[in-house]
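Colleague: Below is one structure. I have some questions about it.
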Amino acid sequence: MGTKAYIMVNMEKKFNEAGYYLDAVRELAAIPEIESVEPVSGVCDLLVTVDAPHGVAGAANKIQAKKWVKSLRVLNIESAEPAVAPKPT
Amino acid sequence: METKAYLMIKTAREDGGDGHKSAIKELEAMPEVEAVVPVSGEYDLVGIAIADTPQAVVGVANTIQAKEWVKSLHVLKVEPVAPNPFLEEVCSTPGGETVRWCAQCGTCSSSCPNVAQMDYSPRKIIALIRAGRRYDVLTSNTMWICASCYLCTVRCPRDVKITELMHTLERLSVRHGLSLGRATAAMYRAFVDSIRKNGRVHELGMMMRFYLSTLPTGKMNPLATIKMLPLALKLFLHGRMSIKPTKIKGSKQLKTIVEKARASGGAR
Amino acid sequence: MKYYTYFPGCSSSEGTAVAYGLSTQAIASPLGMELIELEDWNCCGSTPYGSTNELEAVCVAARDLALAEKTGLDLVTPCSSCYTTLNKVNSQLKEYPDLKVKVDECLAAADLKYKGEVKVRHLFEVIYNDIGLDVVKSKVVNPLRGLRVAPYYGCQLVRPEPGFDNPWNPQSIDHLIVTLGAEAVPYPLKDRCCGGSLVIPEVDIALGLIHKLLESAASNGAQCIVTVCPLCQTNLDAYQGMVNRKFRTKYNLPILFFTQLLGLALGVEPKALALDKSIVSAEAILAPYIKVTKPAV
Numbered sequence: 001m002g003t004k005a006y007i008m009v010n011m012e013k014k015f016n017e018a019g020y021y022l023d024a025v026r027e028l029a030a031i032p033e034i035e036s037v038e039p040v041s042g043v044c045d046l047l048v049t050v051d052a053p054h055g056v057a058g059a060a061n062k063i064q065a066k067k068w069v070k071s072l073r074v075l076n077i078e079s080a081e082p083a084v085a086p087k088p089t
Numbered sequence: 001m002e003t004k005a006y007l008m009i010k011t012a013r014e015d016g017g018d019g020h021k022s023a024i025k026e027l028e029a030m031p032e033v034e035a036v037v038p039v040s041g042e043y044d045l046v047g048i049a050i051a052d053t054p055q056a057v058v059g060v061a062n063t064i065q066a067k068e069w070v071k072s073l074h075v076l077k078v079e080p081v082a083p084n085p086f087l088e089e090v091c092s093t094p095g096g097e098t099v100r101w102c103a104q105c106g107t108c109s110s111s112c113p114n115v116a117q118m119d120y121s122p123r124k125i126i127a128l129i130r131a132g133r134r135y136d137v138l139t140s141n142t143m144w145i146c147a148s149c150y151l152c153t154v155r156c157p158r159d160v161k162i163t164e165l166m167h168t169l170e171r172l173s174v175r176h177g178l179s180l181g182r183a184t185a186a187m188y189r190a191f192v193d194s195i196r197k198n199g200r201v202h203e204l205g206m207m208m209r210f211y212l213s214t215l216p217t218g219k220m221n222p223l224a225t226i227k228m229l230p231l232a233l234k235l236f237l238h239g240r241m242s243i244k245p246t247k248i249k250g251s252k253q254l255k256t257i258v259e260k261a262r263a264s265g266g267a268r
Numbered sequence: 001m002k003y004y005t006y007f008p009g010c011s012s013s014e015g016t017a018v019a020y021g022l023s024t025q026a027i028a029s030p031l032g033m034e035l036i037e038l039e040d041w042n043c044c045g046s047t048p049y050g051s052t053n054e055l056e057a058v059c060v061a062a063r064d065l066a067l068a069e070k071t072g073l074d075l076v077t078p079c080s081s082c083y084t085t086l087n088k089v090n091s092q093l094k095e096y097p098d099l100k101v102k103v104d105e106c107l108a109a110a111d112l113k114y115k116g117e118v119k120v121r122h123l124f125e126v127i128y129n130d131i132g133l134d135v136v137k138s139k140v141v142n143p144l145r146g147l148r149v150a151p152y153y154g155c156q157l158v159r160p161e162p163g164f165d166n167p168w169n170p171q172s173i174d175h176l177i178v179t180l181g182a183e184a185v186p187y188p189l190k191d192r193c194c195g196g197s198l199v200i201p202e203v204d205i206a207l208g209l210i211h212k213l214l215e216s217a218a219s220n221g222a223q224c225i226v227t228v229c230p231l232c233q234t235n236l237d238a239y240q241g242m243v244n245r246k247f248r249t250k251y252n253l254p255i256l257f258f259t260q261l262l263g264l265a266l267g268v269e270p271k272a273l274a275l276d277k278s279i280v281s282a283e284a285i286l287a288p289y290i291k292v293t294k295p296a297v
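Residue numbers (the working numbering), protein chains in the order written: chain U, 1 to 89; chain R, 1 to 268; chain L, 1 to 297.
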């Protein structure tokens, strides 16, 4: 069942300081697997939303390949329904 | 001003078999919390909060952080992005606001003596500025090979101050560290250093400083530098190249002015 | 006698265009001008400073304007770049009051004040308008008959400041040449760029422009080119050899400052006009106009 994932992206310091995040937003928005990009302040610099599970690997690879990306972390959004526990025998 | 934030929550307990349903219900009951989703990875829950002010968001975060089942909370505040911050940046310089008047007629490009060597013609640069393509504009060579001949400026039917725009782009490129290795930028630096030191441009000193500064970057062929020596010698033998720089008496006065200008920040 | 505050600029006072400064001084009093050098002037900043830091550049130029304002006279410069830069600063201080406030603060830190009242003028324009070509003609004692001169305006005499001469097809230098008795050769590239200071960091681009200018002058029958800008003279003169080597051409066009040509026609002692500072020698073409007094045997 399709869901979404968040990818938290950290930028290399020198790019961030040069105000590159605006160019970064545009670059990420051009990646087809990426649904939305928001520049944020906090423990990361950009918050990306992608389709899961299909879009995650593709988006993550493309993002990681960018020279201004320092690191990224993926948070898979779990479906609302809990997994059915196996019936005890 | 409406503020949106993502609240990245780590819970202090296992999900209790209900996939954090009760925790989610508790948070979504708060008026500023739009939605909460369970996630797997570094965090357990991600909440989306929207409030009228940044302070209100902080208030919500504090309230959530105080709950005994919340182990830790990281707030990601969404930064408001102006529709075209690069255009705003350009327009905030004296003369820069004229870039909005461009009709894209191309008269500037067809007047420019150096357009054939430019990454983007003057017309295209203006289009790119208005499209917010900051990195492409500030890393191009266009403004660095503008000779300031002003043909574009006098011919522009909309009175766009194109040459001044080129100077602005040079400044922005340097300010954002995107002009490394540009020979023209190095020459400008040597020129300005000479003024800051002596009050006047000492041509021999400036040229030496320039040629030496380009050698380590490898941007200028060292042989090209050596090719200049006969010319320098010719000029020197014709009495057109003074060895010693002249320092103006008011160099301290000039220094005071320059330092005050630096402390003031920018031109606008 | 007309009095002016004189702003030579770095190049014309001690740099590669020192001949311009010297020949300017030589023609001043024959034309009835007193050029009083601005005391302790600093570099105007030209294009490089403006492209580095805007506020600093304006303040640096404003120091000169503040000092000049105290003299109460018009500020006259032979250098097209200083002319454009100082005029630009004047305009910006008028059009952007916020900028003026900041500049005033910086000047005040050095006990200087600038109200904005200095008129910045190009030496050529002053001679053309204040002295007038009729007066010049009346003072010509050595008409340069038969000398074919290409009038080279460069970029920054007629652009971007409107008002003096036609920016599309200027004629003022042509008129001066005729006034001096010489022939003004038609010169289609008369107001096109020599590359300016780009000749240092982007020498190949500049050589291409200089080549075109020399070619246009030569193919229209010019024996020499007359200029009103120190950078133009240096580029066309000192780099002519490099153009010849790169493009396999054989240009041998002397590049003269208008003050040198003017001085010759006015009968000023040739030594005072620093003609020997040119790399491409003008000796051959000017020989008919220079009366050499041989010592009696």
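For each residue, glycine too, the CB sits at the ideal point set by N, CA and C.
The structure displayed is predicted, hence computed values, not measured ones.
1) Alpha carbons only, please: which of L:R248, L:E14, L:R63 is nearest the one belonging to K115 (chain L)?
2) Here's a check: name, in chain order, each residue in its chain whose Cβ is nearer than 6 Å to the Cβ of L75 (chain U), leaving out the five neighbours to either side.
3) Taking contact to mean at least 3 C-beta pairs separated by less than 8 Å, is the region 253-266 of chain R in contact with the region 106-113 of chain L?
4) Quick check: what's the CA-CA separation for R158 (chain R) versus K4 (chain R)?
5) Using C-beta distances below 7 Å, list every residue in its chain close to C149 (chain R), excluding the 5 sequence neighbours before and after it, in chain order.
6) Taking I77 (chain U) as the query, report the chain R residues whose CB atoms sit under 9 Å from its CB, ordered along the chain.
7) So that I know if they touch, is there some Cβ in chain R lying closer than 9 Å to that of E12 (chain U)?
8) Could you name the residues of the region 32-55 of chain U whose beta carbon sits closer than 7 Å to any beta carbon of chain R, in the order they occur along the chain?
9) Where L67 (chain L) and P288 (chain L) are concerned, what is the direct C-alpha to C-alpha distance, given to the nearest angstrom?
10) Name, please, each residue of chain L whose Cβ falls closer than 9 Å to the Cβ of I129 (chain R).
11) Quick check on I205 (chain L) - is its C-beta less than 9 Å from some C-beta in chain R?
12) Name, please, each residue of chain R whose Cβ falls closer than 8 Å to the Cβ of C59 (chain L).
13) So with Cβ pairs under 9 Å, would you call L99 (chain L) a contact of chain R?
14) DSSP three-state label for S41 (chain U), please.
15) Restricting to Cα atoms, I'd like to know which of L:L180, L:R159, L:V135, L:D174 is closest to R145 (chain L).
16) Counting C-beta neighbours from all protein chains within 10 Å, is the total for D134 (chain L) 16 or more, i.e. buried, or is it exposed?
17) Just verifying my parser: in three-state terms, what is the DSSP assignment at M207 (chain R)?
18) Reducing DSSP to helix, strand and coil, say where M8 (chain U) ends up.
19) Thinking V56 (chain U) and V37 (chain U) are a contact (beta carbons under 8 Å), I'd like their distance in whole angstroms, please.
20) Would you tell me roughly how many angstroms separate the C-alpha atoms of R134 (chain R) and F86 (chain R), rounded to the nearest one?
21) Can you pull the chain L neighbours of V174 (chain R), defined as C-beta to C-beta under 7 Å?
22) Compute every distance between the C-beta of A116 (chain R) and the non-hydrogen atoms of the ligand GTP, then say whether any falls below 8 Å.
23) Measure the Cβ-Cβ separation of A182 (chain L) and R159 (chain L) and say whether it is below 9 Å.
24) Considering D159 (chain R), what are the terminal residues of the beta strand (DSSP E) in which it resides?
25) Checking contacts by CB at 9 Å: is L87 (chain R) closer than that to chain U?
26) Using a Cβ-Cβ cutoff of 9 Å, what residues of the region 60-79 of chain R are near chain U? List them in chain order.
27) From this set, L:V76, L:E56, L:W41, L:K246, which residue's C-alpha is nearest Y4 (chain L)'s C-alpha?
28) Between which two residues does the beta strand (DSSP E) harbouring N76 (chain U) extend?
29) Name the two residues that bound the continuous beta strand (DSSP E) containing I9 (chain R).
30) Compute the distance between the beta-carbons of I127 (chain L) and L31 (chain L), then report whether it is under 9 Å.
31) Which residues in chain R have a C-beta closer than 9 Å to the C-beta of Y4 (chain L)? List them in chain order.
32) Under 9 Å between C-beta atoms, does L212 (chain R) make it to chain L?
33) Would a check of beta-carbon distances place M8 (chain R) closer than 9 Å to chain U?
34) Which chain U residues sit within Cβ distance under 8 Å of V90 (chain R)?
35) Applying the criterion that 16 or more other CB atoms from any shown protein chain within 10 Å of the CB defines a buried residue, is W101 (chain R) buried or exposed?
36) Are the CB atoms of S51 (chain L) and C82 (chain L) nearer to each other than 9 Å?
Modeller: Let me lay it out:
1) L:R63
2) Y6
3) yes
4) 41 Å
5) P113
6) V37, P38, V39, S40, V46
7) no
8) E38, P39, V40, S41, G42, V43, C44, L47
9) 44 Å
10) The contacting residues do not exist; I129 (chain R) stays about 17 Å from chain L at best.
11) yes
12) I257, V258, K260, A261
13) yes
14) strand
15) L:L180
16) exposed
17) helix
18) strand
19) Incorrect: roughly 15 Å between the Cβ atoms, too far for contact.
20) 6 Å
21) T52
22) In the structure shown, the ligand GTP is absent, as is every other ligand, since no ligand is present at all.
23) no
24) No beta strand (DSSP E) contains D159 (chain R), which DSSP labels as neither H nor E.
25) no
26) H74, V75, L76, K77, V78, E79
27) L:V76
28) 69-77
29) 3-11
30) yes
31) Those do not exist, as Y4 (chain L) stays about 20 Å from chain R at its closest Cβ, beyond 9 Å.
32) no
33) yes
34) By Cβ distance, chain U contributes nothing, its closest Cβ being about 13 Å from V90 (chain R), past 8 Å.
35) exposed
36) no
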